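Everything below concerns the one structure shown next.
Residue numbers (our numbering): 282 to 742.
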């Protein structure tokens, strides 16, 4: 029973990471850039139909919807060698092509205006799948289209397909300077980014089932510190992101007897509905050119490294110094490669003995392990590699940072005129206050989850 996923790529960032993701999927399944299955890949044991479907002439088409309010990124994709891969009916750019001007309100109201066209495409894709499991949304929360139109699409998906899962890969903006205490707002080329982020976070809290947080600050740090790239380019960062996206879906595409649908992956990670923001870690990290420092990898090595803060792709304090406060709610490790299950048990025992991970006091806490096959068509230099999806209470520091940045701008009423131009904000700014309240409640809930009385706290809310 295939559990199909439909991918929605919104805005510049969403389309760029989506494009990298599809490139990777094509390599892993032995599909050429034109969508033709290559000679060596005909005997596969993989399930291609989770993310692809076949056209009448047998070539594979991604279940992907590309949406943007300005044509630049989508034109780049449509002029690349992968142009024949996508279904051209699933590519939608706004007619005037003006974009959302990095303004959430503009993206949201344009989403409302284009509702018919966009949902025609999404409905057609949904009707074309046998047993649709859910939607994957790729976007950033700081810009205009990914955040504003993304928020609109999220709300409407929850209305239209209440039983389907909605998982998002949300890119959080680079905030290097806002954490150094000087009171500056994060490094971003978007001045209204704190507003955009907060308004989008409200929707991610209320309308998504699972949010995989991709933090630009941490991704840049990993590229410079761990991969020793001086000035990481967008392509290199997106390469990291697409690795996370493809590995987190391997168990769906190379099914074994467990974790072969999305609900099985995220159910053990998310104990209560609102604590659904996941951070990721991946090891061993290598760049394409980098075959010099290949290490011997064992399951214990991989699992131990996944718990190190420097491999986390979210820049929060999972470090030992704050350890008495923050804790893991749940961990899922997806281990790929040649693994003997007895090694996994031994590794888990060692991690438990050494107390390498701090867990919540109010529920059963353990590291779950999903073993997954690697693609036979992609050669890797390492025997074992692992991805960690973790639900950790320290992720609330990202939201606190978003609230701080928002408060600084809001206190000065800075740049609010751009928002007042749209109908949603023309009479009052209630939407801002409401979003702030939702995000504040989310932060409070993560704080409560560190304590033993969390379950009774939840009952009283």
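Backbone N, C-alpha and C fix where the C-beta goes; we use that ideal spot for every residue, glycine too. Computed from a predicted model, the values in this text were never measured in an experiment.
- Task: Report the residue ranges of all beta strand (DSSP E) runs contained in full by the segment 463–523; include only those spanning at least 3 residues, in chain order.
- Result: 491–496
- Query: Using the rule of at least 16 other Cβ atoms within 10 Å of the residue's Cβ for burial, across every protein chain shown, is residue 615 buried or exposed?
  - Reply: buried
- Query: Taking buried to mean at least 16 other C-beta atoms within 10 Å of its own C-beta, is residue 493 buried or exposed?
  - Reply: buried
- Sufficient close CB pairs (3 or more, under 8 Å) joining the segment 430–444 to the segment 314–327: no
- Task: Just the C-alpha distance for residue 248 and residue 435, rounded to the nearest angstrom, thanks.
- Result: The displayed coordinates of the chain run from 282 to 742. Any statement about residue 248 would go beyond what the structure contains.
- Query: Exposed or buried, residue 391, counting other C-beta atoms within 10 Å across all chains shown (16 or more means buried)?
  - Reply: buried
- Item | Residues bridged to residue 665 (per DSSP) | 618
- Item | Closest Cα partner of residue 301 within the set 550, 524 and 662 | 524
- Message: Does the segment 330–348 come into contact with the segment 361–368, if we say contact requires no fewer than three beta-carbon pairs (one atom in each stretch) closer than 8 Å?
- Response: yes
- residue 538 classed as buried or exposed, judged by whether at least 16 other C-beta atoms fall within 10 angstroms: exposed
- Item | Classification of residue 399 by the beta-carbon crowding that lies within 10 angstroms, buried from 16 upward | buried
- Message: Taking contact to mean 3 or more Cβ pairs, one atom from each stretch, closer than 8 Å, check whether the segment 376–389 and the segment 345–354 are in contact.
- Response: yes
- Reference residue 385; option with closest CA among 355, 346 and 479: 479
- Query: residue 343 bridges to which residues according to DSSP?
  - Reply: 333
- Message: Across the segment 701–713 and the segment 539–548, are there enough close Cβ pairs to call them in contact, namely three or more that are closer than 8 Å?
- Response: no
- Task: Pick out whichever of 694, 728 and 647 has its Cα sitting closest to the Cα of residue 475.
- Result: 694
- Query: Residues in its own chain within less than 6 Å of residue 429 by CB, not counting five upstream and five downstream?
  - Reply: 381, 385, 388 and 389
- Residue range of the alpha helix (DSSP H) that residue 357 falls in? 353–359
- Taking Cβ positions, are residue 595 and residue 679 nearer each other than 8 Å? yes
- Task: Report the rounded CA-to-CA distance for residue 535 versus residue 656, giving the unit in angstroms.
- Result: 8 Å
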